[in-house]
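J.: Residue numbers (our numbering), protein chains in the order written: chain V, 4 to 239; chain A, 4 to 239.
2 protein chains.
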Amino acid sequence: MVRKQAIEVIGINEIPEFWNVLTEDQKAYLQANITLQHYKKNELIHKEGGEPTHMMILVRGKVKIYKSGVGGRSQIMRMLKPYEYFGYRAIFAHGNFHGYNTNARAFESCSIYKIPATVITDLLQQNAKLAFSFVQRLAADLGASDARMVNLTQKHIRGRLAETLLFLKESYGLEADGATINIYLAREDIANLSNMNTSNAIRTLSTFATEGIIAVDGRKIKIIDEERLHKISRLG
Amino acid sequence: MVRKQAIEVIGINEIPEFWNVLTEDQKAYLQANITLQHYKKNELIHKEGGEPTHMMILVRGKVKIYKSGVGGRSQIMRMLKPYEYFGYRAIFAHGNFHGYNTNARAFESCSIYKIPATVITDLLQQNAKLAFSFVQRLAADLGASDARMVNLTQKHIRGRLAETLLFLKESYGLEADGATINIYLAREDIANLSNMNTSNAIRTLSTFATEGIIAVDGRKIKIIDEERLHKISRLG
DNA sequence: TAAAAAAAATGTTTTTCAGCATACTTTATA
DNA sequence: TATAAAGTATGCTGAAAAACATTTTTTTTA
Numbered sequence: 004m005v006r007k008q009a010i011e012v013i014g015i016n017e018i019p020e021f022w023n024v025l026t027e028d029q030k031a032y033l034q035a036n037i038t039l040q041h042y043k044k045n046e047l048i049h050k051e052g053g054e055p056t057h058m059m060i061l062v063r064g065k066v067k068i069y070k071s072g073v074g075g076r077s078q079i080m081r082m083l084k085p086y087e088y089f090g091y092r093a094i095f096a097h098g099n100f101h102g103y104n105t106n107a108r109a110f111e112s113c114s115i116y117k118i119p120a121t122v123i124t125d126l127l128q129q130n131a132k133l134a135f136s137f138v139q140r141l142a143a144d145l146g147a148s149d150a151r152m153v154n155l156t157q158k159h160i161r162g163r164l165a166e167t168l169l170f171l172k173e174s175y176g177l178e179a180d181g182a183t184i185n186i187y188l189a190r191e192d193i194a195n196l197s198n199m200n201t202s203n204a205i206r207t208l209s210t211f212a213t214e215g216i217i218a219v220d221g222r223k224i225k226i227i228d229e230e231r232l233h234k235i236s237r238l239g
Numbered sequence: 004m005v006r007k008q009a010i011e012v013i014g015i016n017e018i019p020e021f022w023n024v025l026t027e028d029q030k031a032y033l034q035a036n037i038t039l040q041h042y043k044k045n046e047l048i049h050k051e052g053g054e055p056t057h058m059m060i061l062v063r064g065k066v067k068i069y070k071s072g073v074g075g076r077s078q079i080m081r082m083l084k085p086y087e088y089f090g091y092r093a094i095f096a097h098g099n100f101h102g103y104n105t106n107a108r109a110f111e112s113c114s115i116y117k118i119p120a121t122v123i124t125d126l127l128q129q130n131a132k133l134a135f136s137f138v139q140r141l142a143a144d145l146g147a148s149d150a151r152m153v154n155l156t157q158k159h160i161r162g163r164l165a166e167t168l169l170f171l172k173e174s175y176g177l178e179a180d181g182a183t184i185n186i187y188l189a190r191e192d193i194a195n196l197s198n199m200n201t202s203n204a205i206r207t208l209s210t211f212a213t214e215g216i217i218a219v220d221g222r223k224i225k226i227i228d229e230e231r232l233h234k235i236s237r238l239g
C-alpha cells in the first residue's frame, strides 16, 4: 500500500521549474533532503503563526490556504491543486511577515513533497535561475492577491460569488460533462472564499440556480450560463 | 536649480540592497542605464494596464499605489516613502499578472530613479544574491497584502480606520510633537485606504476625535490614545 | 441501520454602511 | 480680491448583508 502510493505520485524531477535549472550537485542535494509526506482529509499541514520549516509541493489532493480573521472567522486565500507549491513565502520574508501567515489544510487526502527551509534557501542563493523563477512566481501571486482584494472589498455578494465560481472552474476545471466544476466544497468553504457568511452563500447559490445560471445538486455545481457569471462578476 | 535637485537626492549606491551585492561590471551596467526623473504633485507615474518599462526607486517625495475598482472606485494598495522601490512586480510576473495592475501617482513632488525593465531583469538573472533579495521583498509584500485582505474584508468601519491611522503612523512616522502623523491626506484618500466612502471617513474621524482618541486640525491628525486605536483595530 | 451530528435551506430581524442632499469651509484660479 | 472649485461636515434614507432562529436534509459514526 505504501509502495502503491509512492508510485501514484510524481517525482520531483517532473517539476521542471525545480529540476531543470539545477546543477548535478544541486540535484543530488535536493534529492538527499526531500521527503514525501501524506496527509489525511482535513488534516492541518501548517498553522498560522508557526515557524516555517519546509517548503511544500503538492503532488496529490487539494489544499486550502486560509487565514483566521476577526473572531476566528476564516478567509480562504488560495486553493491549491497538484504541482503547485506553498509555504515558501513564509520562509523567505524577513521582518514582520516571516513565518506562516496562514493555515494550510488538506481538503482531501494529499501527498506532499517537503523541502527543508534551509535547503531551499541554499539552493535559491546559489542558483540565480531558480531564484528568478521564485521572483516570477511571487510577483504573480502578489498580482493575484491585489486583484482579489478589489474583488472582495468592492463587489456585492452576487459579484463575489460569481467570481468564486469562475475561479473554481479555472483552477480545478470541469468534469466530463463539460459543465460541472471539478471540486466539491461545503457551502461554508464557498462562503469563506467569497467573503460572506454561509447563509448568504446558500441563498445566493439558490438564486443563481433559480435564474438558470447554474444548476446545483448537493455539492455539485454545474455552470449553465458562464457568460452571465462573467457579467455578474464584472458589474460587482 | 536642476543641479540643486540632483544634490538633494541620494545616489543609487546608497541603497545597499541594490549596490552591495553587484559585481563591478554590474555596477557599471546599472550606472550606465539608470536615470533620475522628477514628477510634479499629482502626476501619474504609471498606469493600470500599461506595459512596465522601468523599475523605480523613490528617492524624494511620497507615492500612492492604487487600483481602480468597480465603477472606477479607487482602492489605495500601498503608500511609498523614500528608498522604497516599485514597479518591479509588473515586470517579473509572467502570465495573467504581467503588466501594471495598479496606478502610481506622485502624492507630492517626487524624484525617482528609473531602471529599464531589461536591465533589472538581466541583473536578477545574473546575480543570485540580488534575485534573492527580491524574493525576500516580494515575500514580505505578499504577506502584507494577505494581512491587509483580512483587515479590509472582515473589520468594521472603525476597525479599518484605526488600522489605517496606525499604518500611516508606522509608515511615515510622527512630527516633532511626537503625536501628529507625518502625512497630510485628503479625507478621500483616507477613505480609499480604508475601504469606505468619504462621508464615512469624515464621520468616523469626527467620532474618534469626540472620543478623545485622536485630535484633528484640518489634515493634521494627532494620535492621542494609540492604545485605544490598537484595541479598536484588533476587535474589528 | 439507527442515532447523532453536521450541513443546507429558509424566513425574520438587526446592524452596518453606502448614497444622497445640503451647508459650510478652505483652497485654487481668473 | 472675487469667484469658482474642491474639500469637509452632518443629517437622513434605504439597500445590503450579517446575525439569528428554525426546519429539513445529508452525512457521519456508533
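Heads up, the beta-carbon is just placed ideally off N, CA and C, and yes, glycines get one too.
(1) In the DSSP output, what is Q40 of chain V paired with across the bridge?
(2) For the pair the stretch 57-68 of chain A and the stretch 104-111 of chain A, tell me if three or more CB-CB distances fall below 8 Å.
(3) Distance check for M82 of chain A and I13 of chain A, CA to CA, integer angstroms please.
(4) Do you know whose CA, among A:K223, A:L145, A:C113 and A:I235, lies nearest H159 of chain A's CA?
(5) Can you say whether E166 of chain V is buried or exposed, counting buried as having 16 or more other CB atoms within 10 angstroms of its CB?
(6) Between I235 of chain V and chain A, is any beta-carbon pair separated by less than 9 Å?
(7) Would you mind stating whether R206 of chain A and L145 of chain V have Cβ atoms separated by less than 9 Å?
(8) Using a Cβ cut-off of 7 Å, pull out every chain V residue sitting near A150 of chain A, in sequence order please.
(9) Looking at the structure shown, is K172 of chain A part of a helix, part of a strand, or coil, going by DSSP?
(10) Can you tell me the Cβ-Cβ gap for F89 of chain A and I68 of chain A, rounded? I've got them flagged as a contact below 8 Å.
(11) For V73 of chain A versus Q157 of chain V, is the C-beta distance shorter than 9 Å?
(12) Going along chain V in order, which residues have a C-beta closer than 8 Å to the C-beta of Q129 of chain A?
(13) Taking the continuous beta strand (DSSP E) assigned at I48 of chain V, which residues delimit it?
(14) Put I68 of chain A into one of helix, strand or coil per three-state DSSP.
(15) Let me confirm a value: N250 of chain V is counted as buried when at least 16 other C-beta atoms fall within 10 Å, else exposed. Which label applies?
(16) Where does K84 of chain A fall in DSSP's three states?
(17) Please report the straight-line C-alpha distance between W22 of chain A and L25 of chain V, rounded to a whole angstrom.
(18) Verify the CB distance criterion: does I205 of chain V have a CB-CB separation below 9 Å to chain A?
(19) In three-state terms, what does DSSP make of L145 of chain V?
(20) Of all Cβ atoms in chain A, is any one closer than 9 Å to the Cβ of D144 of chain V?
(21) Taking C-beta pairs closer than 9 Å, name the residues in chain A that V66 of chain V reaches, listed in chain order.
(22) Rounded to the nearest angstrom, what separates H41 of chain V and H49 of chain V at their Cα positions?
(23) Classify I123 of chain V as helix, strand or coil using the three-state DSSP reduction.
T.: From the atom records:
(1) V:I115
(2) yes
(3) 20 Å
(4) A:I235
(5) buried
(6) The beta carbon of I235 of chain V does not come within 9 Å of any beta carbon belonging to chain A, so the residue lies off that interface.
(7) no
(8) N104
(9) helix
(10) 6 Å
(11) Closer than 9 Å, so yes.
(12) Near Q129 of chain A (Cβ distances below 8 Å), the residues of chain V are A131.
(13) L47 to H49
(14) Three-state result, I68 of chain A: strand.
(15) No answer is possible for residue 250 of chain V: the residues shown for chain V start at 4 and end at 239.
(16) coil
(17) 26 Å
(18) no
(19) helix
(20) yes
(21) Under the 9 Å cutoff, chain A gives no residues; its nearest Cβ is about 16 Å from V66 of chain V.
(22) 13 Å
(23) helix
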